[in-house]
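Novice: Residue numbers (my numbering): 1 to 564.
First the structure, then my questions, so here it is.
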């Protein structure tokens, strides 16, 4: 009898389910649910443009919709029975946290906090906690420098403690009513397994290690004395959080009777401990030693794993070095760019004229087609990809985008190409930082919406990095990775897998590859040096160079290309 695993992937704007045949490796059925609240699922505020929140009910409604629909699609194909589903794995964005009661009720679902943004989910890309992150970073530098050794040298406004402290500062009533705070990646497996006491939730190392400074080296979460320095109420809150975090290949529990009946699944379905979406995506893309995985979507996450028995030194600007966070027995190493697809979408929606099309998709298609006809350097333009701040390697949300070299003849598709190139140069900055610190890799695997749908971007990335970039076989690596985690949690005896490597050999692969074009790489090497000057001058207060030659160099490169 066949066995199946169901992967659930909760992204920024939508969630999806994927049913995977564990014996044949086929992706049997999938379903997508777009979050209905706010703008593309995100609630914002006119009072503070840095706010990005979500409704937890959107997740629960989406969970039910995608599971039921994917089961219906699979059943309609024949040869599938829901009773053969042995596991469910869940991933979600992070750090996306919310305040909850002791009984696991999101505060925004209580009458007194209805429509209160601070009682909702604080989405990963909420940057309203910048001052708090600076305070945490400053105190850690003085009193707990070992904490920052694992976070790249700074603590981010996107992360767990910054958001909780900001909630305490701006809305003490919400903080006072919150028994605890929980990551969505932990909340959803708890919902499925019927946990109604927040103290009994199995929290994942995936989020705890990369976002909440959890590390076994210092006994778990930051100690109460340090938290008391930040704010005494955080020290008290620590007692209501957790002492232990779990690997995502471990079982969170079994599907509750309530959800089994509601979904039409067996009660003995194993639900794995949650995972950060990027980490699950890396697993679904085939991460292994010697591979860098790039998940290229609204933002980008870069991930590697490194043997747990080898020393990993301090990696400045690399935002996470955590044992067992992606694959057991390995350090999970994570870096990233705060916006990639979001930059292109902003440009298309807000600044691209109707001459490129009436719909957003038409504009994308026409911009890409015309930009593909250009040679590297032909636009004379150079941009910084910091429209949503800089995650790696500067770790500074207080930065913005930049475009130089425009003339009276610059066209929209030229700007579009320059923005893609800027994100590729930002990716090269990260790659160089990894190499500078001895973290070598032989392959780059790309996945995510942009990697799948934008061949121009993929070719530019290959040309800029000078490396062949492989596109992962699955178009749904996050959901596939979640399904793999569920199948490993279920174990061999239930029809799952012994470990992640065994599952990857059966379920993952390469769809196609983009090789660098030598002439393009030569030009991009010149442009990268100019990008690096902009990067350092605006991002490093200690930089002492000169930008006087940058525009002239861009013009010289442009004219050389146009002559040829």
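Glycine is no exception: its CB is placed at the ideal position from the N, C-alpha and C atoms.
Taking its Cβ as the centre, do 16 or more other Cβ atoms sit within 10 Å of residue 390, making it buried, or is it exposed?
Specialist: Classification for residue 390: buried.
Novice: Around the C-beta of residue 504, are 16 or more other C-beta atoms found within 10 angstroms, so that it is buried, or is it exposed?
Specialist: That one is buried.
Novice: Secondary structure at residue 288, three-state DSSP: helix, strand or coil?
Specialist: Residue 288 falls in the coil class under three-state DSSP.
Novice: Since residue 285 contacts residue 508 with CB under 8 Å, what's their CB separation in whole angstroms?
Specialist: About 7 Å separates the two Cβ atoms, so the contact holds.
Novice: Comparing alpha-carbon positions, which option in 160, 102, 138, 115 lies nearest residue 129?
Specialist: The candidate whose alpha carbon is nearest that of residue 129 is 160.
Novice: Taking the CB atoms as reference points, tell me whether residue 385 and residue 352 lie closer together than 7 Å.
Specialist: Contact flag unset, no.
Novice: Residue 83 by DSSP, collapsed to three states: which one?
Specialist: Here residue 83 sits in helix by DSSP.
Novice: Do residue 244 and residue 257 have their beta-carbon atoms positioned less than 7 Å apart in this structure?
Specialist: No, these two residues do not count as a Cβ contact at 7 Å.
Novice: Just reading off the alpha helix (DSSP H) that residue 75 is part of, what are its end residues?
Specialist: Here the alpha helix (DSSP H) through residue 75 covers 56 to 77.
Novice: Using only the alpha-carbon positions, how far apart do residue 308 and residue 10 sit?
Specialist: Distance between the alpha carbons of residue 308 and residue 10 is about 29 Å.
Novice: Which first and last residues belong to the alpha helix (DSSP H) in which residue 238 is found?
Specialist: Residue 238 -> alpha helix (DSSP H) spans 232 to 238.
Novice: Taking the alpha carbon of residue 437 as the point to measure from, which residue in 501, 321, 541 has its own alpha carbon closest?
Specialist: Selected option, being the one with the closest Cα: 321.
Novice: Pull up the distance between the alpha-carbon of residue 2 and that of residue 210, whole angstroms please.
Specialist: Looking at the two C-alpha atoms, the distance is approximately 36 Å.
Novice: Go to residue 329, then tell me how far its alpha helix (DSSP H) extends in each direction, as first and last residue.
Specialist: Careful: residue 329 lies outside any alpha helix (DSSP H) and carries neither H nor E.
Novice: Enumerate in chain order the residues of its own chain whose CB-to-CB distance from residue 56 is below 8 Å, with the five nearest sequence positions on each side excluded.
Specialist: Result list for residue 56: 98, 106, 108, 109, 120, 121, 184, 187, in chain order.
Novice: So residue 470 is in the beta strand (DSSP E); what residue range does that whole segment cover?
Specialist: Looking at the DSSP string, the run of the beta strand (DSSP E) that includes residue 470 is 469 to 472.
Novice: Does the stretch 465 to 478 come close enough to the stretch 300 to 319 to have 3 or more Cβ pairs within less than 8 Å?
Specialist: Touching, no, given that fewer than three Cβ pairs across the two stretches are closer than 8 Å.
Novice: Have a look at the DSSP bridge pairing and note the partners of residue 27.
Specialist: Beta-bridge pairing links residue 27 to 20.
Novice: Using beta-carbon positions only, say whether residue 318 and residue 446 come within less than 7 Å of one another.
Specialist: Not a contact, by the Cβ cut-off of 7 Å.
Novice: Considering only heavy atoms of the ligand SAM, does any lie closer than 6 Å to the CB of residue 258?
Specialist: The ligand SAM is not part of the structure shown, which contains no ligands of any sort.
Novice: Compare the Cα-Cα distances from residue 377 to each of 336, 542, 521 and report the closest residue.
Specialist: The shortest C-alpha separation from residue 377 is found at 521.
Novice: Might you give, ordered along the chain, the residues of its own chain that have their beta carbon closer than 6 Å to the beta carbon of residue 263, omitting 5 neighbours on each side?
Specialist: These residues qualify, in order along the chain: 67.
Novice: Buried or exposed: where does residue 398 fall if 16 or more other Cβ atoms within 10 Å of its Cβ makes it buried?
Specialist: Counting Cβ neighbours within 10 Å, residue 398 comes out exposed, since fewer than 16 surround it.
Novice: Quick one: what does DSSP say residue 251 is sitting in, helix, strand or coil?
Specialist: Strand at residue 251.
Novice: When you compare each of 220, 550, 153 to residue 396 by their alpha carbons, which one comes out closest?
Specialist: The residue with the shortest Cα to Cα distance from residue 396 is 153.
Novice: Ordered along the chain, which non-local residues of its own chain (more than five positions away) have a Cβ less than 7 Å from that of residue 400?
Specialist: 386, 387.
Novice: If you reduce the DSSP assignment to three classes, tell me which class residue 91 lands in.
Specialist: DSSP places residue 91 in strand when its eight states are reduced to three.
Novice: So, with DSSP's three-state summary, where would you put residue 512?
Specialist: Residue state, collapsed to three classes: strand.
Novice: So the candidates are 223, 176, 270, 140; which of them puts its Cα closest to the Cα of residue 486?
Specialist: Answer by Cα proximity: 270.
Novice: With DSSP as the reference, identify every bridge partner of residue 160, one or two as the case may be.
Specialist: According to DSSP, which records beta bridges pairwise, residue 160 is partnered with nothing at all.
Novice: Figure out for me which residue from 158, 31, 283, 85 has the closest Cα to the Cα of residue 480.
Specialist: Comparing Cα-Cα distances from residue 480 to each of 158, 31, 283, 85, the minimum goes to 283.
Novice: Where DSSP assigns a beta bridge to residue 180, which residues make up the other side?
Specialist: Its beta-bridge partners are 100.
Novice: Below 8 Å, can you find three or more Cβ-Cβ pairs linking the stretch 37 to 56 to the stretch 325 to 338?
Specialist: The stretch 37 to 56, when compared against the stretch 325 to 338, does not touch it at the 8 Å Cβ threshold.
Novice: Could you spell out where the beta strand (DSSP E) holding residue 517 opens and where it closes?
Specialist: Residue 517 -> no beta strand (DSSP E), and no H or E assigned at all.
Novice: Within a Cβ cutoff of 7 Å, which residues of the same chain sit near residue 451, ignoring the five residues on either side of it in sequence?
Specialist: Answer for residue 451: 296, 458, 471, listed in chain order.
Novice: So, for residue 475: in the same chain, excluding its five sequence neighbours on each side, which residues have a beta-carbon less than 6 Å away from its beta-carbon?
Specialist: Cβ within range, chain order: 452.
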